[in-house]
Every structure is written in C-alpha cells, then in structure tokens.
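Working notes, beginning with the structure itself.
Number of protein chains: 2
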Amino acid sequence: MKYPSAHIIAIGSELLHGGRVDSNSLFIADVLAQCGVEVKQKAAIGDHPEEIRSLLVSSAKRVEVIVTTGGLGSTLDDCTREAFAAAFGRKLRLRQKALEMVRAQLHKRGRPVTPLIARQALLPAGATILDNSVGTAPGFYLQVGKTHLFILPGVPREAREMARVHIPVLLHKKLMSNGRLFWTHSFNTFGIAETDVQGHLMPLLKNYPSIRIGLLASTKGVKVTLSCWRIEKSGRPGSKRLGSFPEGTELGKHIQSVLGPWLFAEGEEEIEEVVGRLLASRSFTLAVAESCTGGLVTHRLTEIPGSSAYVDRGIVSYSNQAKQQLLGVRPSVLRQFGAVSLQVAQAMATGIKKGSGVDIGLSITGIAGPGGGSKSKPVGMVCMAIDGPWGAQARQFQFWGNRSEIKFRSSQAALNLVRGYIVNGEK
Amino acid sequence: MKYPSAHIIAIGSELLHGGRVDSNSLFIADVLAQCGVEVKQKAAIGDHPEEIRSLLVSSAKRVEVIVTTGGLGSTLDDCTREAFAAAFGRKLRLRQKALEMVRAQLHKRGRPVTPLIARQALLPAGATILDNSVGTAPGFYLQVGKTHLFILPGVPREAREMARVHIPVLLHKKLMSNGRLFWTHSFNTFGIAETDVQGHLMPLLKNYPSIRIGLLASTKGVKVTLSCWRIEKSGRPGSKRLGSFPEGTELGKHIQSVLGPWLFAEGEEEIEEVVGRLLASRSFTLAVAESCTGGLVTHRLTEIPGSSAYVDRGIVSYSNQAKQQLLGVRPSVLRQFGAVSLQVAQAMATGIKKGSGVDIGLSITGIAGPGGGSKSKPVGMVCMAIDGPWGAQARQFQFWGNRSEIKFRSSQAALNLVRGYIVNGEK
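Written out as structure tokens, the structure reads:
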C-alpha cells in the first residue's frame, strides 16, 4: 500500500537571495515523521503570489500533506494568504477569532492593532485557525481533496511551536497512516573523525539492512542518527525510540561499546545539558576562566534554565593583566611558558577555583586566530585545565577551522572535559 | 523582454530527514545573480531516480537555468547521473576525460581507481565535463532546449568552487542577459518593530517602483534589504551595490534619515563589528560585566579578529558574591535595590571600569527566565549601564521570548548601547 508523503514549502524572497537558509523544515520533517508521514520534497520560493499559487496546486496533486512556512506577516510583501485563496478558490474573510488572537498577542507587547496588522486575521473561508501562542500571525489548516495543508508563519520559534502543537493532533484525527512508525535514535560523539565513526559502524550495520544510518559532522562533533520505518498492526502512528524494539536495543548496545570513548550523549541532549545535569545532581558549583573562547563556554552553560544553581561565575581574562589580577596567575609563569601553555591553563583553573570557592574550576587558553600563531604555537592550539575534588589535570588540543569554529570546538572540548572529569572521577 | 530565471535543486536524502540543510544554494544564487539570472525556486529532494527525473523535467519547462548539487558520488545511492539520463533521453557513457580527472584526484590522495569510483566518469553523451579541482566527482553541463543545466557535486567546498569557476563562463557564452545587473543594499536596525519600519519606508518607496524591499525581523533587529534588476547598455552582467546608482544613492539618504535613530549598520556588518571598529579607531579599551547574558556579549565581541586589541576582560558575575568580590558592588545596594536594578547595573559598570582601568565599562543584569520573574520584575526585564569618558548612564529594557532569545536581545541592546555612547558622546 501507499503511505502518506509530504512537501514542505518555505516562503520568503530572503530565502532565494537574502543569504538565508530555511531551517524550519528540519523540525517540521521530524514532526511529520512522528505522524508516519515521509517528506518527499522541500522547496523555497519568493513572496510572489503566482509562484506560490502554482506550487501549491502542483504539490497538492502529488502528496497527502503540505506544510508551508512564511508569508503570513502583516507587511505588504506577505502574500501567502492571498496565494492560497487563489490556489484553491477560497475567499479570504476577516475571522473574528483570529483577530482576537492577534489583539491578545499585541496586547502582551503593549502595541495596538493597526489596519496593517489586522491583515493577519484575513483567512480562507472554512479554514481551521491555528493558534500562535508565541507570535501575532495565526496559521491555518484546510483539507483540499485528499491533501492536508498546514499554513504556518516563518519565524522559527512560532513555526516550531505551532507544528509541534497542531500537526500531530490534526493528522491523527484526519489521516490514518496504518500503524506506520518512524524509529529514530541518535548518538552524539566528540573527538573522532566522521570516516572513523563510519569505519566502526559499517560492520555492525551489515546485520540491520532495514536501518538507515546518517552521519552529521559539525563543530559539535559527529552525530550518528539511525532510523527506519516499521509497521505495527497494533501501533498508532507515532515515533518510537530505536532502542525500544529488539534489534534497536541490541544494535544500540553494540554502538555504545564501539563509540564509548567518544560518546557524550544520546538523543538530542547537548553537551552543556549533560554537564549541567551532572553538576546539579551532585550539587557541584563551577567557575570558568576563559581566554580564547572569550565567554562562549560560560554563555553555553548559562543557556540552560536553572544554570544559576551551579554556575557561580565566569572570567574572560583576555589580557595578561586580567589573568594576574583576577586569577592570580604569576607573571613569572606567563613569562616562562607564555599565555597559551598547560602551565598557565593550570594556574587559571586553580586560581578561579580558589578565588571563587567553587567545587570545580575550568580554564581555556589558546590561539583562535587568524593572527597570533607561530611555528611552535600555531593557530588552533588550545590548552585547557580543570581543578576539583579529584585533583587537577590539563590537556592540549590542536583544532582547525576559522576563528569562530576554533572557539566553538574549544568550548565543546572544554565542556566534554568537565563531563569526563566527573564521570571518570567517580569510577 | 523576459529575463532568465533559475531553479536550484539540492539532491540527497539526508536533506529531507538527516537534520541537514542545503547551504550550497546560498552562493549558487549569488553566482547566478552576478550573471543576471534570478533564482525563482530552490528545492531539496532525496536520492530517488524517479523523483529527480520528474523534477528535472518539470523545471526544464519553466526556467532557463537549472543548477543541481549532490548525488554524483561513487556510492550506490548516488543516482543523479542516471536520473538526468532518463529525464532527457541521454545515454550514459564512460568518458575518458572524466576518468582521467577522477584518477588524478585519487592519485593526490594515494588511492586507486575502484570500479565503484569509476562510476563517477559515467556521464551523459554530449555533456560538457566540468572539472572538479578539489574533489573526485566531475560535474557536467548540458543545454536541453532553451534550458542550461549545471550538474554539480554536493560537497560544499567542491560545489562552491565549481559554481564560481564554470557557471559565469558558460552562461556568458551561451546566454545573453543583456547587461542586466542585480543591485542590492541592506540597512540594519535595532529597537524598532517590523511594521513601524514598513510604516516609515512605504511612503518613500512609492517613488521607486522598480526597487523591491525585503524586511527580516530577528533577535538582531529588523534588516531592510532593497534590491532591483537594472539594464545597463554598457554594463556586462554583474552585481553592484544599490548605492552606486543615482536613485539608489538618493533613496539611501532618505532611508538613513527616517531610520536614523535605529540604524546601526549598512550592508552585512554586524553590531559587534561596528562596536569593534569604533573602539579600535579610537584606541579605546572595553571591559564587560555580565549577569543574565552569561558571557554572550564578550563572546560576540571576541568573535571579531583583532578584538584582543580592545577587549580587556569580561566578568560573568552570576552570583551576588561574584558581583561583590569582582566588581565591588556594595551588599547594601544589592539588598536595597536587588541584583536586577539600574543601581546595581551602574555599580557593575563603574566597578569593572575602575578595576580594569579600561576606557569604557559595560554591564548587563536582568532576568532571562524562564524562572526568577516577579510582578515588579518580570522575566525579560534587563538593566544595562555604561561608564566611560562621557560619564555614566543606565537604561532599562523589557524584552520578550525564551531564555535564549532574551539573552541574545540583551546582548544586541548592550552592544548598541556602546555604539550610541561613542557616536553621541562625540557630537
């Protein structure tokens, strides 16, 4: 039998020549997968009514689900509503319920409803209005023939929330996908090359022909995503962890053992969440002394809600004077070994631990480039140290990439250093 | 007359459900714009011969230029060559010249030509082979009817280089675009709503019907991008700045005056670059005391190469103890006004300026949420202060969004505060 498939359409001229890529389709594809719907095509088009209209019409002939993002704003270049009306012969009406939603959102921001903004409440007759709890533009849903259309705003935060809230409910109600389930599970590694990950996994995966593997290398490391489609007589459409069926559990164990030394998390958990979890559960406090990362490590740690419970302070000691004043690094050590050295990293970590009275002190000092490198200390050379309940240790890395990538890889390595310190310290 | 337009097609199943976005289309669109060709649509599809074939056929009916990336590798899921052959009824032949290119690239890496890899030299009869100087997979070019097709590999480094080298040459030779030029210019604002920007600009733009305006709202503010296509008898196809033709210069002046209070940069310059430029050119040094932004401001400043010349240090005083120890904020002030207050912000800015001996001290303290808010001090309330050669000043903001967005908006406002302080201080 044929399973439901989908097109995702991102609308906005800035996506064609504004240096912007559409990222909304990433999580929309996830939401659809959880509903047993497979994305067959993604498209990005400009704010041109005729282009939008013709793409909607041709897609509606080919797939069961269409999700669009963008073009629902109040500015005059936003024309998705008009294009949709033209595509499927629906009149646009001022919908009171939608107008109330817009008014309520504007009220939060202390702004009035102008005629321009009121355009956002002009929706096709018969369409189901989709509440936007984080922005002003309501979305809408309409079934045309056998095709289910979800029209969402383009602001990522709004599109994400609305896709998460509205798509599963409406699709489960309207579209029976015959217990087709999408299984997926991710393993997040750091410190191993993509080809080496592949080398470790290929022999294992030979025994699991139905399971697809995806490798994604980034400054965060290499993310391994396993996925497959399965049919379950009993099962309602929805997503299950790969680990929750026999082969998945078995394969998962194999992968954990071969990737163990580099594996820092499974699923969607980020390294800063892992570190936060480890610190919070032990009531440890942390202070960070950064040089080349320039505050990025502390910034990432404090992206996590509740991090104030374990992050005491961060010091970005960019100048040598700051390293001496704030961290008590002795001038003689700076002179003898240079600011980028294991010795100075060690002094920074111990210095901030002592000065702040935290359980763990972390430090990073290196050469982010593009300038400042030398033969003995090239751009990308980064030293890190940690001092805590299990004593002090220091490590040296050689990273590659541009300034921004070197800073990020350094922050990833530093956070992973804290993770390893706690996990191994307790062994 | 009708001007040439293009579709860009990214091929690869990982683009549909591998958590990967197509970024190749960004620079391909630039290359095409410089050739006078406007991108009408971008698409991403999986490695499915039939899907690729039908999309190639339908696009070839609608546009003069098609550029595809991906699916030219040696692994069995790469099927772009076969799909192309099926779409336009061309036989695939082993092309000696292509095989030589593959062999030469592999030789560099000390690897032999395997039968699998040799597939990369199977190209459509009559196609122009496009040399790949950085990878093993050759691309190819073919004109089918009025449509020019460029088939490139998916690896960004290879696609970028081949697009840059091959597309302009072949299009200039094959496609007369009559000196059509693409003009573009951006204005970056902060602190004004998208609809208000529109309100300011619409009356102006009425007089420039040929100029298209794009508004992009983000946590960085509202970016206004003006663009238009122009014909120049003399001009060869190519991209020019909007400001470089009479109406553009005139319009630019108007926009600068109406958006002046919120305008922080033009073109692609980011606020951290503007601030860095202002500080460096005056040999000013800066130190930042951050609370709710958790190091983000210092991180952004230090993303700029050479920032060590003006960034002395940053202190993330997350705990009250840190505010007292490192910034000399008096406990009585913390008790009386609370950590999030104009008074504490002022004390932090003055404290870090004094302690570090820099020219300008900047501070941010606020409630990033989701917890920690109250009726009198809700989530999103942020106080900032600056102390420098023109005295001290403090400001209070009320931001919206999630924790991460509130942190970023705060950092944007703080950097803009420094910009305004210097620019206005010298008036």
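So the protein sequences, as listed, match chains A and B.
Heads up, the first sequence is in this note's numbering, so the first residue is 1 and it goes up one at a time.
Heads up, the second sequence is in this note's numbering, so the first residue is 1001 and it goes up one at a time.
Glycine is no exception: its CB is placed at the ideal position from the N, C-alpha and C atoms.
query                                                                                                                                                                                                       : result
Are the C-beta atoms of B:Ser1058 and some chain A residue less than 9 Å apart?                                                                                                                             : yes
From the beta carbon of B:Gln1412, is the nearest beta carbon of chain A less than 9 Å away?                                                                                                                : no
Distance cutoff 9 Å, beta carbons only. Does B:Pro1331 sit that close to anything in chain A?                                                                                                               : no
Consult DSSP for B:Met1001 and reduce its assignment to one of helix, strand or coil.                                                                                                                       : The predicted model places B:Met1001 with a pLDDT of 47, which falls under 50 and marks its position as unreliable, so this point remains unresolved.
Output, in sequence order along the chain, the residues in the stretch 328-359 of chain A whose CB is closer than 9 Å to any CB in chain B.                                                                 : Gly355, Ser356 and Gly357
Between B:Pro1153 and chain A, is there a C-beta pair that is closer than 9 Å?                                                                                                                              : no
Given B:Gly1314, which residues of its chain have a CB within under 6 Å of its CB, disregarding the five upstream and five downstream residues?                                                             : Val1288 and Thr1298
Excluding sequence positions up to five away, which residues of its chain have a Cβ less than 7 Å from the Cβ of B:Met1202?                                                                                 : none
Mind pulling the chain A residues with CB within less than 8 Å of B:Ile1315?                                                                                                                                : Arg313, Gly314, Ile315, Val316 and Leu326
For A:Ile117, go through chain B and note every residue whose CB falls closer than 9 Å to its CB, in chain order.                                                                                           : Thr1195
Starting from B:Phe1084, follow the beta strand (DSSP E) in both directions and report where the run begins and ends.                                                                                       : Element bounds for B:Phe1084: not the beta strand (DSSP E) but the alpha helix (DSSP H), Thr1080 to Phe1088.
Tell me whether A:Tyr310 is buried or exposed, calling it buried when 16 or more other Cβ atoms sit within 10 Å of its Cβ.                                                                                  : buried
Based on DSSP bridge pairs, tell me the residues matched to A:Cys383.                                                                                                                                       : A:Thr365 and A:Gln396
Let me know the secondary structure DSSP gives A:Ala127 once reduced to three states.                                                                                                                       : coil
Examine the Cβ distances between the stretch 1094-1103 of chain B and the stretch 1128-1147 of chain B and report whether three or more of them are shorter than 8 Å.                                       : yes
Would you mind telling me which residues of chain A sit closer than 9 Å to B:Glu1051, beta carbon to beta carbon, in chain order?                                                                           : Lys40 and Gln41
Could you tell me whether the Cβ atoms of B:Thr1075 and B:Ile1011 are closer together than 9 Å?                                                                                                             : no
So what's B:Arg1330 in DSSP terms, helix, strand or just coil?                                                                                                                                              : coil
What three-state label does DSSP hand A:Glu50 in the structure shown?                                                                                                                                       : helix
Alpha carbon to alpha carbon, what distance is there between A:Glu273 and A:Ser307?                                                                                                                         : 9 Å
Just the chain A side, please: which residues come within less than 8 Å of B:Arg1403 by C-beta, in chain order?                                                                                             : Glu303 and Pro305
Any beta-carbon of chain B closer than 9 Å to the one on A:Ile167?                                                                                                                                          : no
A:Ile167 to A:Ala85, Cα distance in whole Å?                                                                                                                                                                : 21 Å
Please name the residue or residues paired with B:Val1067 in a DSSP beta bridge.                                                                                                                            : B:Ile1008 and B:Phe1150
Have a look at A:Leu286 and A:Asp359 and give me their C-alpha separation to the nearest angstrom.                                                                                                          : 6 Å
The stretch 360-378 of chain A: which residues have C-beta closer than 9 Å to a C-beta of chain B, in chain order?                                                                                          : Ala368, Gly369, Pro370, Gly371 and Gly372
Cβ closer than 7 Å: which chain A residues qualify as neighbours of B:Leu1026?                                                                                                                              : Gly19 and Val21
Measuring only the C-alpha atoms, how far is B:Lys1108 from B:Lys1061?                                                                                                                                      : 41 Å
Would you please verify whether the beta carbon of B:Met1384 is less than 9 Å from any beta carbon of chain A?                                                                                              : no
Hey, could you find the ends of the alpha helix (DSSP H) A:Tyr421 is sitting in?                                                                                                                            : Arg403 to Gly425
Please return the same chain residues whose Cβ sits closer than 7 Å to the Cβ of B:Thr1080, not counting the five positions on each side in sequence.                                                       : Ile1011, Ile1052, Thr1068, Gly1070, Gly1071, Leu1072 and Ile1151
Where do the N-terminal and C-terminal ends of the alpha helix (DSSP H) with B:Arg1180 fall, by residue?                                                                                                    : Run containing B:Arg1180: none in the alpha helix (DSSP H); it sits in the beta strand (DSSP E), Arg1180 to Thr1189.
Is the beta carbon of A:Ala29 within less than 8 Å of some heavy atom of the ligand HEM?                                                                                                                    : In the structure shown, the ligand HEM is absent, as is every other ligand, since no ligand is present at all.
Would the beta-carbon of B:Gly1380 fall within 9 Å of that of B:Ile1367?                                                                                                                                    : yes
Buried or exposed: where does B:Val1316 fall if 16 or more other Cβ atoms within 10 Å of its Cβ makes it buried?                                                                                            : buried
Tell me whether the stretch 1113-1124 of chain B and the stretch 1039-1055 of chain B touch, counting them as touching only if at least three CB pairs, one residue from each stretch, are closer than 8 Å. : no
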